[in-house]
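Asker: Can you keep this structure in mind? I'll have questions shortly.
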Amino acid sequence: MGASVYDVAIAGGGPAGAAAATVLARAGLRVLLADAGSARGLQNGKYKVGEGLPPSARHLLRDLGALERVLADGHRASHGTLAFWGDDAPRANDFMFQLHGHGLQLDRLRFDAALLDHARASGAEIVRDAKLSLIASASNEGRYHLQLRTRGTEDAIECRWLIDATGRPATLARQLGAERIEYDRLLAFHMRLRSDMDTDRDGRTWIEAVEHGWWYSVLLPSRERLVSFLCNTDLADRRTVLTREGLWSVLQAAPRMRALCEEHGYRPSSPPQGADASSHHLDRPVGVPEDGQRWLAVGDAALAFDPLSSKGISNALYTGLRAAQAIIECGKGDADALSRYADHLLDIHRVYRERLVAFYRMEQRWPESGFWAQRAADPADLDLIATVEA
Numbered sequence: 002m003g004a005s006v007y008d009v010a011i012a013g014g015g016p017a018g019a020a021a022a023t024v025l026a027r028a029g030l031r032v033l034l035a036d037a038g039s040a041r042g043l044q045n046g047k048y049k050v051g052e053g054l055p056p057s058a059r060h061l062l063r064d065l066g067a068l069e070r071v072l073a074d075g076h077r078a079s080h081g082t083l084a085f086w087g088d089d090a091p092r093a094n095d096f097m098f099q100l101h102g103h104g105l106q107l108d109r110l111r112f113d114a115a116l117l118d119h120a121r122a123s124g125a126e127i128v129r130d131a132k133l134s135l136i137a138s139a140s141n142e143g144r145y146h147l148q149l150r151t152r153g154t155e156d157a158i159e160c161r162w163l164i165d166a167t168g169r170p171a172t173l174a175r176q177l178g179a180e181r182i183e184y185d186r187l188l189a190f191h192m193r194l195r196s197d198m199d200t201d202r203d204g205r206t207w208i209e210a211v212e213h214g215w216w217y218s219v220l221l222p223s224r225e226r227l228v229s230f231l232c233n234t235d236l237a238d239r240r241t242v243l244t245r246e247g248l249w250s251v252l253q254a255a256p257r258m259r260a261l262c263e264e265h266g267y268r269p270s271s272p273p274q275g276a277d278a279s280s281h282h283l284d285r286p287v288g289v290p291e292d293g294q295r296w297l298a299v300g301d302a303a304l305a306f307d308p309l310s311s312k313g314i315s316n317a318l319y320t321g322l323r324a325a326q327a328i329i330e331c332g333k334g335d336a337d338a339l340s341r342y343a344d345h346l347l348d349i350h351r352v353y354r355e356r357l358v359a360f361y362r363m364e365q366r367w368p369e370s371g372f373w374a375q376r377a378a379d380p381a382d383l384d385l386i387a388t389v390e391a
């Protein structure tokens with residue numbers, strides 16, 4: 002049997018990949034999306050970190066035609082943030098007074114599954130529990146040759162365009178020659194807490210700075226509370242932190258977060274999870290069509306943000322939309338569409354870095370802390386500590 006041929010193949014079933022698949026399928030292109038496992042996680046009752054959807058992201062879901070589905074899916078309203086940052090005084094940001102209204106604290110697995118279902122309804126072919134592997138770059142006939150692996154099967158795939166939505170690893174883009182430029186070594190340790198009191202109604206995101214990092218916490222749709230500790234890789238005793246009592250003991254150094262948990266009787270309900278939370282971007286998020294390189298990176302594969310920005314899901318949706326539009330414009334003869342997409346991502350990353358450094362500089366209480374000293378560096382100096390990973 003010969004290879005199945007698609008206009009676009011997408012590796013990765015998160016919000017970025019689903020957004021791109023939806024737009025491309027609606028434009029009449031034949032689209033294949035390989036999702037590595039969000040459906041299995043939902044069926045097994047697992048959870049996925051990355052819960053916050055800011056109010057400004059509503060218009061992106063509306064553009065996709067998915068807003069009503071998401072709003073009806075049982076996610077919890079997010080009413081703003083409460084930050085203990087720079088001093089002991091709380092700083093509140095109430096979404097009620099913003100143009101777009103409240104945000105959402107997401108059940109991420111359910112959210113991701115809904116976007117994939119929406120992409121399928123738009124005409125994309127979705128293959129779950131599947132992985133796309135690059136076999137050969139674009140050949141003389143202008144197609145990428147890939148292998149689609151599912152449980153017990155392997156199929157040959159060919160496509161004219163390739164989208165890397167594999168998240169922070171940026172697997173395909175790096176295989177195609179892109180380099181990942183990292184600006185820090187940030188780790189996130191997440192843990193769910195449970196209480197029998199059922200008294201917690203605080204729908205805000207809590208943020209608290211401590212000497213060697215910072216914490217955030219949100220109330221999940223499951224009524225569990227998630228607490229997350231962000232720190233440098235060289236400051237984390239992973240063997241200790243990756244135990245229930247280990248991370249719980251570290252939380253005791255965050256007095257406001259500790260008081261919130263004590264007030265509502267929270268205790269650890271699951272072992273902690275560790276994850277890479279470093280900022281990075283690709284040196285080039287697109288291929289060169291003139292050289293037969295018709296690929297684009299989206300979401301965390303192209304730009305990975307510090308969780309402090311709360312822009313991860315918004316960025317995923319936005320870059321997925323924009324990448325799809327760039328492919329459509331290329332198909333109409335616009336030779337500059339990919340370069341405009343790449344330039345736009347570089348602009349987004351530049352503004353993000355400037356704002357991130359400004360926010361970290363607000364915290365001056367621990368001048369001897371390596372964590373805060375590194376993040377208060379001038380944006381121009383960040384290039385000196387950046388690492389390049391092919």
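Reminder that position 74 of the sequence shown reads as 75 in the numbering used here, one-by-one numbering, no gaps. All residues carry an ideal CB built from backbone N, CA and C; glycine is no exception. Please read all numbers here as calculations on a predicted model, not as lab measurements.
Please state whether the Cβ-Cβ distance between A12 and T154 is less than 8 Å.
Answerer: no
Asker: Is the distance from the Cβ of A78 to the Cβ of L116 below 8 Å?
Answerer: no
Asker: Have a look at D156 and K132 and give me their C-alpha separation to the nearest angstrom.
Answerer: 11 Å
Asker: According to DSSP, simplified to helix, strand and coil, what is D384?
Answerer: For D384, the pLDDT reaches just 46, beneath the cut-off of 50, and the residue's location in the model is therefore unreliable, although a value from the coordinates is still provided. Correct three-state label for D384: helix.
Asker: Hey, quick one: how far does the beta strand (DSSP E) through L194 stretch, first residue to last?
Answerer: L187 to R195
Asker: What do you get for D88, buried or exposed, if any count of 16 or more other CB atoms within 10 angstroms of its CB means buried?
Answerer: exposed
Asker: Rounded to the nearest angstrom, how far is the Cβ of L283 from that of V228, given a contact under 8 Å?
Answerer: Rounded, the Cβ-Cβ distance is 31 Å, inconsistent with contact.
Asker: In terms of alpha-carbon separation, which member of A58, D8, T82 and L188 lies closest to Y145?
Answerer: D8
Asker: Can you have a look at S250 and say buried or exposed, based on whether 16 or more other CB atoms are within 10 angstroms of its CB?
Answerer: exposed
Asker: Please work out which residues of its chain come closer than 8 Å, Cβ to Cβ, to G75, disregarding the five sequence neighbours upstream and downstream, and give them in chain order.
Answerer: D108, R111 and P222
Asker: Can you tell me the Cα-Cα spacing of H119 and T23, whole angstroms?
Answerer: Their backbone Cα atoms lie some 7 Å apart in a straight line.
Asker: Grouping DSSP H, G and I as helix and E and B as strand, with all else coil, what is H282?
Answerer: strand
Asker: What residues in its chain sit with their C-beta under 8 Å from that of L246, if we drop five residues either side in the sequence?
Answerer: Contrary to the premise, residue 246 reads as Glu rather than Leu in this sequence. Closer than 8 Å at Cβ, skipping near neighbours: P269.
Asker: Tell me, please, whether the stretch 308–328 touches the stretch 345–362 by the rule of three or more beta-carbon pairs shorter than 8 Å.
Answerer: yes
Asker: Reducing DSSP to helix, strand and coil, say where W86 ends up.
Answerer: coil
Asker: Could you check what DSSP says for D348 in three-state terms: helix, strand or coil?
Answerer: helix
Asker: Suppose contacts are defined by Cβ-Cβ distances below 8 Å. Is H103 in contact with M198 by that definition?
Answerer: no
Asker: CB-CB under 6 Å to P308, same chain, minus the five flanking residues each way: which ones, in chain order?
Answerer: A278
Asker: Hey, could you find the ends of the beta strand (DSSP E) H146 is sitting in?
Answerer: Y145 to T151
Asker: Does S370 come out as helix, strand or coil in the three-state DSSP assignment?
Answerer: coil
Asker: Mind checking L252: buried by the 16 CB within 10 Å criterion, or exposed?
Answerer: Looking at its Cβ environment, which holds 16 or more other Cβ atoms inside 10 Å, L252 is buried.
Asker: Is it right to say P56 is buried, meaning 16 or more other beta carbons lie within 10 angstroms of its own, or is it exposed?
Answerer: buried
Asker: Between the beta-carbon of R376 and the beta-carbon of V358, is there less than 8 Å?
Answerer: yes
Asker: When you compare the CB positions of A17 and V299, do they come within less than 8 Å of one another, or not?
Answerer: yes
Asker: Is it buried or exposed, M363, if we count other Cβ atoms within 10 angstroms and call 16 or more buried?
Answerer: exposed
Asker: Name the residue from R224, L65 and D165 whose alpha carbon lies nearest to the alpha carbon of L34.
Answerer: Taking only the C-alpha atoms, the option nearest L34 is D165.
Asker: Going by DSSP in three states, Q253 sits in which element: helix, strand or coil?
Answerer: coil
Asker: How is the alpha helix (DSSP H) around T320 delimited, first residue to last?
Answerer: Taken as a continuous stretch (DSSP letters only), the alpha helix (DSSP H) holding T320 covers G313 to G332.
Asker: Between which two residues does the alpha helix (DSSP H) holding G18 run?
Answerer: P16 to R27
Asker: Please confirm whether L339 and A325 have their CB atoms less than 8 Å apart.
Answerer: L339 is not a Cβ neighbour of A325, given a cutoff of 8 Å.
Asker: What would DSSP say about G3, mapped onto helix, strand or coil?
Answerer: coil
Asker: For the beta strand (DSSP E) containing V32, name the first residue and the last one.
Answerer: V32 to A35
Asker: Would you report the Cα separation of D64 and V32, rounded to the nearest angstrom?
Answerer: 19 Å
Asker: For the candidate residues R152, I158, F96 and I136, whose alpha-carbon lies nearest to that of E126?
Answerer: Closest by alpha carbon: I158.
Asker: Under 6 Å Cβ to Cβ from G38, same chain only, skipping five residues before and after it: list those, please.
Answerer: Around G38: D130.
Asker: Quick check on the DSSP output: the alpha helix (DSSP H) that includes G107 runs from which residue to which?
Answerer: Here residue 107 is Leu; the residue named in the question, Gly, does not match the sequence. Premise fails: L107 is in no alpha helix (DSSP H) and is neither H nor E.
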